[in-house]
Structures are given as structure tokens and as C-alpha cells.
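So for the sequence shown, this note's numbering puts the first residue at 82; every next one is plus one.
Here's the structure, in C-alpha cells; my notes come after.
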Amino acid sequence: MNFFPRPQNPRAAPRPPLRQVPADFKPGEGDRPRPNLNGTLAALFGIIVTGLVINGAQPSTLGRIAAIGAGLSFAISLIMDFRAGGPRNLIRADVMAILAFYFLTLFEFLFPQPTFDQMVDVRTTHEAILVVLLGFVGLLLGRHALQFRRQPFSETLKREVPHYWMIAIFWCCFGIGYLHMFMAVEPMFSLNEVLYYFMEPRFSQPWQRGKFGDWKALLVELGLFIYLLPPLAGIMIARRHRYPALQILLVCVALAFTAFYGFTSGTRNVFCSYLVTFLIGYAFALTGDRKRELVTLCASSAVVMVIATYFMLEFRSVGFSNYINNRYNPLEKPERTLFVDYNLYAICKLVEVFPDKKDFLGFEIPYVALIRPIPRAVWKGKPEGLTSSIEDALGVEGLTISASFVGEAYMSGGMIAVLVTALFFGLLTGWWNFLASARNSELGILIYASGFFASVISMRSLFVFTTALLPTAAALVIGTFAVKHLAAQAARLAGRRTAFRGAPPRPPGRPPR
């Protein structure tokens, strides 16, 4: 049985003409995904009840109660969203952000965590869980804060672009994104060497930003263009009847190369971002009569993500090559339970330190996040980090510890800063939903799907938010210029046709010059 048939013969399928949305267009209820207000109220009620009933003799018990209560609350909200707008109503930036935050903080406590009980006490765990639940409250409330009558950037998102433009954008992103890797290896531009370092332990690759200086750091920042490849590939594969078969084959090879890079890096949030943005692009590019194809792909992707998460934890510190060849000596037998990142443990330590032992950092947190994308080659006096980092609070050296965005917000100003930051992310992801529309062009789908990378990865750390926005900003700027070019070209063609039709007829006896 062929689950993914080629939708139509490319020779028989006429290319859609360039079109422009009418100026008075207003999105209807079913035109874009949106959260259901009753679902949000139900989720908020469940979160509040969960915070009131949390109790237990062990820290992991408190975590399990919070995970179950919050999970059920979100499930009820998602069911109401599904009933209000169908499956596409669940493909929203706010939903992905909430699910990512839940996965990073509470999901692992659905499984036994005996090690966690030896690391923290009950009182500190209770305070940390309240911090996490307050973050969920802000995300849920913030997504309803803005309402628009018209779609933002409608001109850019809805004007159709020629299919060869999408092909050109894909390969430009591929070349720019991987340029710093191929320039860093010896010999330069050696594919074998790049693949070799893909399978080495994390942070040992020659293209790591810390090993570059001066202008070469700019090339590392251009590597963010890689995050545009999965949604581009999803759009092109979903609408493969518009593209030559050879191009689709090459795009699949490039997508497999990118997926292999994300998998062997051992960084789960990167691999998850690739998978999510690919599915978003694919889902919005599909026509309504291909639901079975979408369901099959989503189910397969979920299985791949679960399997990949397990193995990436196994080899991320030793390298994929050493792992598959059994060239490593594990210090101890790993505990057979699900482990994500223990972000809740990091939040517990931050609650212990701030503000009793150290003062809140105030505006230092958002300031460092804002200036993070600026390379040191451009700003030599750029601050190197926080005056008191998460690693300092936990008393560790040589490691990078994540505490999710609520942990970093708590370092800034306690519970108030957590609520304000969560409201900000909720507002931003809710606003991003207004960019979605069934009438978006392929370029519009790309811009919308690329924003999911920032919404997902920012839940892990506030400091990566501004950097994660760069691919989306680049896609929006490039798309705006491309659409203006198409509009100007169409106007010139229309002017020539009008002038030709309005020209006076030649005298019958005079030959043309």
C-alpha cells in the first residue's frame, strides 16, 4: 500500500498563478488556529488545584503529582481546542511551547525518580514546583492577550512565489548554514571529515564557536540557517507535484544529512526542533484530502523522537562513533528510568540560593539575553556572562546547566519576574498564531513554521531566545523583499500589456519599422 502517492502528474498539474489577497480580507474563525477560551480556563483551574493539593513525603512524589495534574489540565485544554477547530487547530506556537516546557520540567516525573529524592528536600521541591506552575499560568494567560482583525504581514505571507524560488532558498540556506563546518575541517570542504566530526563527542568539533576568533565567529552565527531546512523540506515534499523529481530526491538527501547531524550531536532540543518544524511545514502545505498521509507521518515521527531521545542520552558524552563501536567504559550501569534534564532540580537549587544567599540579578538577565546574538568580533567589550551563573548556584564547574526560562527568570526577580516572563512568551506565541492561514503561500508557510523553533527552544533557556529568532527574521526579511520584487515585476508586465492594447493601429499600407 502506497501511503505517500505522488499527488498528481507534474505535467498535468498547472502551476497556480500569482495571486494577491484582497485588501479587505479578514480571517474567519476557521482560517487560523487559535486557543479555545474555555479550554484555557479549564487548564488554569487544573493548574491552580494542582498547586493547592501538592503534598508528599518524598520530592519525587510531589513531582509526580504536579506532572499528573498539569498533564491532565493540558489534555483537557487540547481536547477543547481540537473540538473547536480540528487537528490543525493544535498546530500552534503556544501549544508547542507549553508541551516543550512540560517535557523539560515535569514529564520525567511520570516515571520513578529515586535519584531525585537523594538530591533535594521536600520543602525546596514544593517551592520549585510552584515556580514551574506559575510559568504555566503565564503561558496560558498570555496567549489570549492580543487580538488582531487582520493578519500581520499579510502581503508577504499570502502572495504566491515561483517554485524555483523555494528551491533556490533551500540550497542557499544549505550552503550558508553548513559553510562554517566545511571551512573548519582539514582538508577544507572535506565531506568525510565533516561526517567524522559529526560522530565525535559533543563540544569536540573544530567548528565550535569557542574555538573561532574574530570574523570566523560570524560564520558560526550563519549556521542558524540550518533551522530553515526542515520546514522548507517539509513544504516541498508535501507539494512534490510542483517540483521536479530530481530536486525532491536531492532535498530528501539534504534533509537526511541535517537529521543525521541533529541526531549525532546528542542535543535533543535541536533534533526535536528539526522534527517539529518539518512537521509544521508539511502539515500546512498538505491539502485537506491527504489526512491519512499526515497522520502516518506524525505517528512515525513520534516513534522516531522517543527512540532518538533514548539513544541520544546514551552517546551524547562519548560520541556516536564510540558508542556504536563500544569504545567507551561506562562508569556505572545507568538507571532504568526515563530521564530528561532534571530542570526541576536546577530550579530547586536556584530557589535555595536566591534571594537568601545571593541577591536577584535584576535586569542583567534580559540584558545578557538581548546582546547574546552580537558576535564578539563586532563588540570586543561584550560581557562574558552573568555575575552569578546557574552553575555557580549549583556549585559545579565545566558543565552547562539548564534551568528552563522560569529558573532564569527567578534569578532575575523571583516570582514576579517568572510571571512577567511567562506572560511575555505566552503573548508572543499567541501573536504568532495570527500569522497562520490556510491561504498562506509556500513562503508564508515557511515563515510561520520557522517561528516554532524559537518558541520551542526558548522554553529551555531565555538566553537563546534572541538568537533563535534570527532564522525567522531572516526568512521574513528575505520574503518581504522577494514579494516586493514580484509585485513590481507584475506591475511592469501589466503596464506593458496596457500600453500594447492602447497603441493606435498602423495605417494599412505602411510596413512596420
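Think of the CB as a built atom: it goes at the ideal place given N, C-alpha and C, for glycine as much as any other residue.
Within 10 angstroms of its Cβ, does Glu-465 collect 16 or more other Cβ (buried), or is it exposed? exposed
Mind listing, in chain order, the continuous alpha helix (DSSP H) runs of no fewer than 4 residues lying wholly within the region 294 to 367? 297 to 303, 310 to 319, 326 to 345 and 349 to 366
Contact set for Glu-274: own chain, Cβ-Cβ below 6 Å, skip 5 residues either direction: Val-266
Between Met-317, Ser-539 and Cys-379, which has its C-alpha nearest Ala-174's C-alpha? Ser-539
CA nearest to the CA of Ala-474, picked from Gly-488, Phe-506, Lys-463 and Gly-462: Comparing Cα-Cα distances from Ala-474 to each of Gly-488, Phe-506, Lys-463 and Gly-462, the minimum goes to Gly-488.
So what's Trp-66 in DSSP terms, helix, strand or just coil? The question about residue 66 has no answer here: the residues shown for the chain are numbered 82 through 594.
If the criterion is Cβ atoms closer than 8 Å, does the pair Ile-428 and Tyr-324 meet it? no
Would you report the Cα separation of Ile-172 and Pro-282, rounded to the nearest angstrom? Spanning the alpha carbons of Ile-172 and Pro-282 requires a straight line of approximately 34 Å.
Count the C-beta pairs between the region 355 to 362 and the region 524 to 537 that are closer than 8 Å, then say yes if the count reaches three, no if not. yes
Where does Ser-271 land, buried or exposed, given buried means 16+ other C-beta within 10 angstroms? exposed
Contact under 8 Å by Cβ, Phe-251 with Val-332: yes
Let me confirm a value: Pro-268 is counted as buried when at least 16 other C-beta atoms fall within 10 Å, else exposed. Which label applies? exposed
Does the region 499 to 513 come into contact with the region 132 to 151, if we say contact requires no fewer than three beta-carbon pairs (one atom in each stretch) closer than 8 Å? no
Three CB pairs or more closer than 8 Å across the region 176 to 187 and the region 212 to 225: yes
Which residue from Ala-563, Gly-347, Ile-329 and Leu-227 puts its Cα closest to that of Phe-284? Gly-347
First and last residue of the uninterrupted alpha helix (DSSP H) at Thr-186: 174 to 186
Can you say whether Gln-232 is buried or exposed, counting buried as having 16 or more other CB atoms within 10 angstroms of its CB? A buried status is given to Gln-232, since no fewer than 16 other beta-carbon atoms sit within 10 Å of its beta-carbon.
Through-space distance from Ala-569 to Phe-182, alpha-carbon basis: 44 Å
Suppose the cutoff is 8 Å on Cβ atoms and the five residues either side in sequence are ignored; what does the same chain contact list for Val-130 look like? Cβ-Cβ distances below 8 Å link Val-130 to Gly-150 in the same chain, with the five nearest sequence neighbours on each side left out; the list follows chain order.
Is the separation between the beta-carbon of Leu-140 and that of Val-212 shorter than 8 Å? The displayed chain sequence assigns Pro, not Leu, to residue 140. For Pro-140 and Val-212, no; Cβs fall outside 8 Å.
So, at 7 Å on beta carbons, what are the nonlocal neighbours of Ser-402 in its own chain, with the 5 sequence-adjacent residues on each side left out? Met-280 and Glu-281
Tell me, please, whether the region 491 to 510 touches the region 433 to 442 by the rule of three or more beta-carbon pairs shorter than 8 Å. Output reads yes: the region 433 to 442 touches the region 491 to 510.
Of the listed residues Ala-337, Val-334 and Thr-345, nearest to Gln-286 (C-alpha basis): Between Gln-286 and the set Ala-337, Val-334 and Thr-345, the nearest pair of CA atoms involves Thr-345.
Work out the CA separation of Gly-369 and Ala-549 for me, nearest whole Å. Distance between the alpha carbons of Ala-549 and Gly-369: 31 Å.
Within this structure, are the beta carbons of Leu-456 and Tyr-308 separated by less than 8 Å? Looking at the sequence provided, one finds Pro at residue 456 rather than Leu. No.
Residue from Gly-120, Arg-113, Asp-422 and His-566 with nearest C-alpha to Trp-194: According to the sequence shown, residue 194 is Gln rather than Trp. The candidate whose alpha carbon is nearest that of Gln-194 is Asp-422.
Buried or exposed: where does Leu-299 fall if 16 or more other Cβ atoms within 10 Å of its Cβ makes it buried? exposed
Could you pull out every residue in the same chain whose Cβ sits closer than 7 Å to the Cβ of Gly-304, ignoring the five residues on either side in sequence? Gly-258 and His-261
Beta-carbon spacing of Phe-365, Ala-530 below 8 Å: One thing to note: Phe-365 has its Cβ within 8 Å of the Cβ of Ala-530.
On the premise that Phe-486 lies in contact with Ser-596, defined as a C-beta separation below 8 Å, what is that separation, rounded to the nearest angstrom? The chain is shown only over 82 to 594; residue 596 falls outside these bounds and no answer can be derived.
Who are the near neighbours of Leu-574 in its chain, counting only those whose CB is closer than 6 Å to its CB and skipping five residues on each side? none
Tell me where the alpha helix (DSSP H) around Arg-373 begins and ends. 372 to 396
What number of angstroms, rounded off, separates the C-alpha of Phe-396 from the C-alpha of Gly-343? 13 Å
Output needed for Thr-205: all residues of its chain with C-beta closer than 7 Å, excluding positions within five of it in sequence on either side, in chain order. Cys-429, Val-432 and Glu-433
Through-space distance from Ala-389 to Ile-318, alpha-carbon basis: 23 Å
Looking only at its chain, what residues have a beta carbon closer than 6 Å to the beta carbon of Met-393, apart from the 5 residues adjacent to it on each side? Gly-347 and Arg-349
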